[in-house]
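Protein chains in written order, with the numbering used here: chain R, -4 to 480; chain X, 2 to 479.
Glycine residues also receive a C-beta, built at the ideal position from the N, C-alpha and C atoms.
Okay, so here's the structure we're looking at.
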């Protein structure tokens, strides 16, 4: 199956709304990509991060091709949209034709079969043409990515026989029942029934010819004067039955050809939306002088000069946003403390977005980076930030616990948890103790965490097993104490 | 005599057990009408052991597979024969006849692989007597092998709106070219069959066009139709008898029932250890096994006991396993031996559809008619017969009929509520109650004298319909 998002083929999954909401992705992307439909596709892809390095590279390469050839994406969009329109139009015409052909009279049945076959033939011919256009577009640019090259090669598979197939489609599409020369072949089954009646040739009478009655052959030999046995058909029933079957057979082939093309190429139209949004993101970041880098795939997490996506999108330029660094290699996690409104949540968000963008095959807004593909990215934000009734502290704590519980059940090794001020809606010492036990359990399961918190007791509990970062002046966040992280 | 998988001699004048017996025993819920028909047809001893031999061999997967294949071939032959009778034109008729001949050869080939038991050997001998035809038929069919391809080179040309012509054609047509192109595109076309019926006019035109091909097919039909008069379709029904019963045995095994091949003896008896009422397979419930012990000293037995204690179940168990044994099939017991009874019948309560003479008279008439067909080698089952009258009269009629059966020399099992029948010299069987809870049934049946009570009071108490509960209700209502 062809795909620009998955090397082995696949469908765009449903978005992870929790990630989307907690990291304010939609708000950030609204600035980058006003088109809601494209943004939704982009978010769906983004919030389902890839886990294999090869898959990440697959997408990154495709994006590089699009960045290198600015018109490529637009040209492809044109061809894909034409294909989508053709598919939709064919569906409408088909429904209309079937609505028309309700008569059971065999002569009417033959005419309606012809009508439908004509439609299928026209659709198949146009679909073949559009595939050749896709190949042409992709051939015009210096494509290096395996993904786009695969699409080009697949389109090229249609080239050798396209002309001949198109000729057949045109012949049938232009055939009119009053041009009555047609021939077919019967296939007889072992039980004496006619298994099939297959079209062999069509001929058209040309009215303008000097000799009336002369037939111009388009295929095979002229049958008019060939020997044979006349089949008595005074009411045309044999003609109607057998040639209905013959034309229906051709119609089925044309329909299968068109549907085959639609099934392979139309889903790419939707996937292209992801890259269109990605290109808009790249363009906007460049316009604002915000550096972009493609993180190297590594075992560690190390980002230098990381900008928050939402702020980068909202501010006029890079100077309005404070970049920060984050490094953690072998520690269980990072605990971030600091004053209120000092940038802790923004920092947490920026790391989460960077991880998702990286695992979507996209560059991140940073100076340089090395990142590790995570098996999953989870966010759990404080219940206090949700809309609860005042005074319902016990309820909020329980809500947080309830939300965390299934996560603990299903946590995968190598996943990343982004936790923002949870377990603070109960006595701090109890909250700290409970959270410590959970985080210890999670780290023993192989997961990493970044926790924004006011529960300073956790620092003592974890000791040197975590990186402690704290906010300083001007929204700068730095590591406290030990430098070897 | 027709070739048969069930009978070694002519089936025509065989004695048949009453068709209603299968319904009374609920066997119609497990087996088809044809199989039941064979079960109710009396067999002789040689046939019994020959059938047992086939059932034993069916335990072997290879043999069972061969039987299944034979069944498929026979089905193919039957379908081909039916199709032939409905053919609409000569083209169909000739090709269907050819198909029927091929199906016949397939059946013969399958039968040839089955041998080694009297029934199979007798069948093969009969089929093999046609060996000469088989070789000849096989050759003749080969000569017509190319006919389908030849007929499929028939081209149709529409020269004018009402002028159709048939001609030979071998050209790759537009359709073939399109399918080839699609495969080149990496798309596998799905080729649909239209399955149209040829008209007589088309058939005649094709005959004129492909005269030589039609001649070969006609010659095939002419040569072999009269010689292949053997009706092998009956074999399929007989084969299904084995396959169905084998499947039933398998089902019982999976449910945990014991299975054994009963031994036939010259002594008049029916003994089985841990017999299961396999008719309960339709209910998918736990089944309690019981022993069966009828002999010349206990030829007529009465079964009394608690309501819902399993009396009718025991009767069905005995009768149904007896029928299985008498048709050569294994039975559901761990061990069994029996005499070759030649007739089994049963009297179950009938629906309330009596004439003006009333239920009792009708019942008596049915019993008389039934006993008229019985002899010394019969086994008669009675289920609460004469219960539509008062105790005294019902008991008396029961005892009179039991005496008649005894004089006949037949065996009988009689389920009854008439406790007056005890102490009359007959063997008594009874249901066993759980001593710790008199309302609990164990569904075990033992030889014992009944205690004169049907434990109806326990059941009434459970549902608060006993005398004390009714009195309390009245007090509460007052």
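Does any residue of chain X bring its CB to less than 8 Å from the CB of residue 199 of chain R? The residue given as residue 199 of chain R occupies position 204 in the first chain. Not one chain X Cβ lies under 8 Å of residue 199 of chain R.
Contacts that residue 251 of chain R makes with chain X (C-beta to C-beta distance below 8 Å): In the first chain, counting from the first residue as 1, residue 251 of chain R sits at position 256. Listed along the chain, the chain X residues whose CB falls inside 8 Å of the CB of residue 251 of chain R are 183, 188, 190 and 191.
Cβ distance (whole Å) where residue 265 of chain X is taken to contact residue 49 of chain X below 8 Å: Here residue 265 of chain X corresponds to residue number 264 of the second chain, with the count starting at 1. Here residue 49 of chain X corresponds to residue number 48 of the second chain, with the count starting at 1. With 8 Å as the limit, residue 265 of chain X and residue 49 of chain X qualify as a contact, their Cβ atoms being about 7 Å apart.
Going by beta carbon distance, what residues of the same chain come within less than 8 Å of residue 233 of chain X, once the five residues before and after it are set aside? Along the second chain, one-based indexing puts residue 233 of chain X at 232. Its chain contains 4, 75, 78, 105 and 108 as the residues whose beta carbon lies nearer than 8 Å to that of residue 233 of chain X, once the 5 sequence neighbours on both sides are disregarded; these appear in chain order.
Compare the C-alpha of residue 118 of chain X against each of X:54, X:241 and X:225 and name the closest. Taking the second chain and counting its residues from 1, the one referred to as residue 118 of chain X is at position 117. Comparing C-alpha distances from residue 118 of chain X to each of X:54, X:241 and X:225 shows the shortest one belongs to X:54.
Here's a check: name, in chain order, each residue in its chain whose Cβ is nearer than 6 Å to the Cβ of residue 15 of chain X, leaving out the five neighbours to either side. Numbered from 1 along the second chain, position 14 holds the residue referred to as residue 15 of chain X. The residues 42 and 43, in chain order, have a CB closer than 6 Å to that of residue 15 of chain X in the same chain once the five nearest residues on each side in sequence are set aside.
Under 8 Å by Cβ, that's how I've got residue 90 of chain X and residue 204 of chain X pegged, so tell me the actual separation to the nearest angstrom. Numbered from 1 along the second chain, position 89 holds the residue referred to as residue 90 of chain X. Numbered from 1 along the second chain, position 203 holds the residue referred to as residue 204 of chain X. At roughly 4 Å, the Cβ-Cβ gap stays under 8 Å, so residue 90 of chain X and residue 204 of chain X are in contact.
Between which two residues does the alpha helix (DSSP H) harbouring residue 259 of chain X extend? Walking along the second chain from the start, residue 259 of chain X turns up at place 258. For residue 259 of chain X, there is no enclosing alpha helix (DSSP H), as DSSP gives it neither H nor E.
Using a threshold of 8 Å, state whether the C-beta atoms of residue 140 of chain R and residue 60 of chain R are closer than that. Taking the first chain and counting its residues from 1, one reaches residue 140 of chain R at position 145. Taking the first chain and counting its residues from 1, one reaches residue 60 of chain R at position 65. Yes, these two residues count as a Cβ contact at 8 Å.
Beta-carbon contacts of residue 24 of chain R that lie in its chain and below 6 Å, excluding the five residues immediately before and after: Taking the first chain and counting its residues from 1, one reaches residue 24 of chain R at position 29. The answer, listed in chain order, is 34.
Within 8 Å of any Cβ in chain X, is that where the Cβ of residue 228 of chain R sits? In the first chain, residue 228 of chain R corresponds to position 233, counting from 1. Cβ-Cβ to chain X under 8 Å: yes for residue 228 of chain R.
Which residues does DSSP list as the beta-bridge partners of residue 238 of chain R? Here residue 238 of chain R refers to the residue found at position 243 of the first chain. In the DSSP secondary-structure assignment, residue 238 of chain R is not bridged to any residue.
With a threshold of 16 other CB atoms inside 10 Å of the CB of residue 281 of chain R, please say whether the residue is buried or exposed. Looking up residue 281 of chain R in the first chain gives position 286. Around the CB of residue 281 of chain R, fewer than 16 other CB atoms lie within 10 Å, so the residue is classed as exposed.
Among the residues of its own chain, which have a CB less than 8 Å from the CB of residue 403 of chain R, if the five just before and after it don't count? Position 408 of the first chain holds residue 403 of chain R. The beta carbon of residue 403 of chain R is closer than 8 Å to those of 433, 436 and 437 in its chain, skipping five residues each way along the sequence.
Hey, could you find the ends of the beta strand (DSSP E) residue 299 of chain R is sitting in? To locate residue 299 of chain R, count along the first chain from 1; it is residue 304. Counting along the chain, the beta strand (DSSP E) containing residue 299 of chain R begins and ends at 296 to 301.
Cβ pair residue 197 of chain X, residue 224 of chain R closer than 8 Å: In the second chain, counting from the first residue as 1, residue 197 of chain X sits at position 196. In the first chain, counting from the first residue as 1, residue 224 of chain R sits at position 229. No. Outside cutoff.
Uninterrupted alpha helix (DSSP H) stretches inside the stretch 141 to 210 of chain R (no shorter than 4 residues): Qualifying alpha helix (DSSP H) stretches, in chain order: 141 to 151 and 154 to 169.
Helix or strand or just coil, what does DSSP make of residue 346 of chain X? Against the second chain, residue 346 of chain X aligns to sequence position 345. The answer is strand: DSSP assigns residue 346 of chain X an E or B state.
Count the other C-beta atoms from every protein chain shown that fall within 10 angstroms of the C-beta of residue 94 of chain X, then say buried if there are 16 or more, exposed otherwise. By one-based count along the second chain, residue 94 of chain X stands at place 93. Label assigned to residue 94 of chain X: buried.
Against chain R, which members of the stretch 153 to 166 of chain X pass a CB distance test of less than 8 Å? Look at the stretch 153 to 166 of chain X: the residues with a C-beta under 8 Å from a C-beta of chain R are 153, 154, 155, 156, 157, 158, 159, 160, 161, 162, 163, 164, 165 and 166.
Look up residue 107 of chain X in the DSSP assignment and say whether it is helix, strand or coil. Within the second chain, the letter at position 106 stands for residue 107 of chain X. Residue state, collapsed to three classes: helix.
In three-state terms, what does DSSP make of residue 332 of chain X? Residue numbering aside, residue 332 of chain X sits at position 331 when the second chain is read from its first letter. In the structure shown, residue 332 of chain X adopts extended strand secondary structure according to DSSP, grouped into three states.
Quick one, which residues of the stretch 149 to 161 of chain R are near chain X if we go by CB-CB under 7 Å, in chain order? For the stretch 149 to 161 of chain R, the residues whose beta carbon sits under 7 Å from a beta carbon of chain X are, in order, 152, 153, 155, 156, 159 and 160.
Work out the CA separation of residue 145 of chain R and residue 137 of chain R for me, nearest whole Å. For the purposes of this step, residue 137 of chain R is identified with residue 142 of the first chain, where counting begins at 1. For the purposes of this step, residue 145 of chain R is identified with residue 150 of the first chain, where counting begins at 1. For residue 137 of chain R and residue 145 of chain R, the distance between alpha carbons rounds to 14 Å.
In the DSSP assignment, find the unbroken alpha helix (DSSP H) run with residue 347 of chain R in it and report its ends. As a position in the first chain, residue 347 of chain R is number 352, starting the count at 1. Looking at the DSSP string, the run of the alpha helix (DSSP H) that includes residue 347 of chain R is 339 to 354.
What did DSSP end up calling residue 562 of chain X once you bin it into helix, strand or coil? Residue 562 of chain X is absent from the model: chain X starts at 2 and stops at 479.
Go ahead and pull the three-state DSSP assignment for residue 374 of chain X. Here residue 374 of chain X is taken as the residue at index 373 of the second chain, counted from 1. It is coil, neither helix nor strand.
Please go through the stretch 435 to 462 of chain R and give each complete alpha helix (DSSP H) segment of 4 or more residues, from N-terminal end onward. DSSP runs (the alpha helix (DSSP H)) wholly in the stretch 435 to 462 of chain R: 452 to 457.
Rounded C-beta distance between residue 290 of chain R and residue 366 of chain R? I'm assuming under 8 Å. Along the first chain, read from residue 1 onward, the residue named residue 290 of chain R stands at position 295. Along the first chain, read from residue 1 onward, the residue named residue 366 of chain R stands at position 371. With 8 Å as the limit, residue 290 of chain R and residue 366 of chain R qualify as a contact, their Cβ atoms being about 4 Å apart.
For residue 113 of chain R, the first and last residue of its enclosing alpha helix (DSSP H): The residue labelled residue 113 of chain R in the question sits at position 118 within the first chain. In the DSSP assignment, residue 113 of chain R falls within the unbroken alpha helix (DSSP H) covering 101 to 134.
Would you report the Cα separation of residue 131 of chain R and residue 320 of chain R, rounded to the nearest angstrom? Position 136 of the first chain, counting from 1, holds the residue named residue 131 of chain R. Position 325 of the first chain, counting from 1, holds the residue named residue 320 of chain R. The straight-line gap from Cα to Cα measures roughly 45 Å.
Is it right to say residue 328 of chain R is buried, meaning 16 or more other beta carbons lie within 10 angstroms of its own, or is it exposed? Taking the first chain and counting its residues from 1, one reaches residue 328 of chain R at position 333. So residue 328 of chain R ends up on the buried side.
From the beta carbon of residue 19 of chain X, is the nearest beta carbon of chain R less than 8 Å away? Looking up residue 19 of chain X in the second chain gives position 18. Cβ-Cβ to chain R under 8 Å: no for residue 19 of chain X.
Limits of the alpha helix (DSSP H) - the one that residue 74 of chain X falls within: What you label residue 74 of chain X is simply residue 73 of the second chain in a count that begins at 1. Note, residue 74 of chain X: alpha helix (DSSP H), 62 to 86.
Taking the alpha carbon of residue 21 of chain X as the reference point, which residue from X:40, X:10, X:6 and X:13 has its own alpha carbon closest? In the second chain, counting from the first residue as 1, residue 21 of chain X sits at position 20. Closest option to residue 21 of chain X, Cα to Cα, is X:40.
Cα-Cα separation between residue 352 of chain R and residue 165 of chain R, rounded to whole angstroms: Sequence index remark: in the first chain, residue 352 of chain R carries index 357 (1-based). Sequence index remark: in the first chain, residue 165 of chain R carries index 170 (1-based). Straight-line Cα distance between these residues: approximately 48 Å.
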